[in-house]
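Read through the structure below, which is laid out as structure tokens, and then see the notes.
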Amino acid sequence: MIELDITPSLAVADQLRNGLRRLGKAVVVITAWQEGKRWAMTATAVSELSMDPPSLLVCVNKTASLHAPLTAGANFCVNILHADQLAVSQTCAGKVKGEARFAEGRWGSGACGTPYLCDAQASFFCEYETHIEYGTHAVVIGAVKEVHTSGDVDPLIYLDGGYARATRLSA
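Take a look at the structure:
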């Protein structure tokens with residue numbers, strides 16, 4: 001029998017973190033509504049999962065306030081921020097807590113009460129499907145039930161530890 005040492009290597013974790021600084025990602029705010037309370041968190045660990053059925057996945061740290069409602073089955077919304085919504089990102093990234101995160105930006109409520117950013121690049125309304133706990137995070141899968149888009153395509157990007165704006169390259 002072969003035994004593998006699966007103790008996480010801090011050196012590899014640092015290398016991973018350094019490598020991922022080179023991966024530009026759209027900045028999103030994940031929102032949820034549960035038992036009369038609104039939740040919001042800035043994130044970049046979001047991805048499409050499938051077009052059939054339409055679904056997304058979001059990764060949420062176990063220490064984040066949004067972890068409990070999402071893993072308890074709250075429906076959620078993924079809001080892709082416009083490059084001009086830096087203040088919304090910073091506010092929902094921990095600058096303030098709880099309901100105060102909704103003071104920045106123009107917010108609406110979806111059919112089930114899920115908050116969404118009215119002028120986000122896109123808002124994906126998701127019904128909770130399942131989640132997987134892995135390491136420091138939960139991977140939450142949501143079935144996309146509705147999508148709103150607005151404005152020009154100009155997302156806020158997070159790259160190399162800071163915010164950036166995407167520019168199209170000429171062919």
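The numbers in UniProt numbering rise by one with no breaks, and the one at position 67 of the sequence shown is 67.
Quick reminder that beta carbons are idealized off the backbone N, C-alpha and C, glycines included.
- Annotation for E104: A87, V88, T91 place their beta carbon closer than 6 Å to its own, counting only its chain and skipping 5 residues before and after.
- The closest CA to that of G110, considering only L49, C126, R21, is found on C126.
- Within the DSSP bridge table, the entry for S65 names no partner.
- For S89, the enclosing alpha helix (DSSP H) covers residues 86 to 90.
- Pairing V58 with Q15, the inter-Cα distance amounts to about 23 Å.
- When DSSP states are grouped into helix, strand and coil, K95 belongs to the helix group.
- In the three-state scheme derived from DSSP, where H, G and I count as helix and E and B as strand, V27 is classed as coil.
- Counting every other CB atom within 10 Å of its CB across the protein chains shown gives I30 a total of 16 or more, marking it as buried.
- Residue environment: Y116 is assigned as buried (16 or more neighbouring CB atoms within 10 Å of its CB, all protein chains considered).
- CA-CA distance, L70 to T167, rounds to 34 Å.
- Cα atoms of Q121 and G108: separation of roughly 14 Å, rounded to the nearest angstrom.
- Per the C-alpha coordinates, the member of K145, V27, V96, R101 positioned closest to S50 is K145.
- Sequence-distant Cβ neighbours of D160 in its own chain, meaning closer than 6 Å and more than five residues away, are R21.
- Taken through DSSP and simplified to helix, strand or coil, G108 comes out as strand.
- Using a 10 angstroms sphere on the CB of N75, the tally of other CB atoms reaches 16 or more, which defines it as buried.
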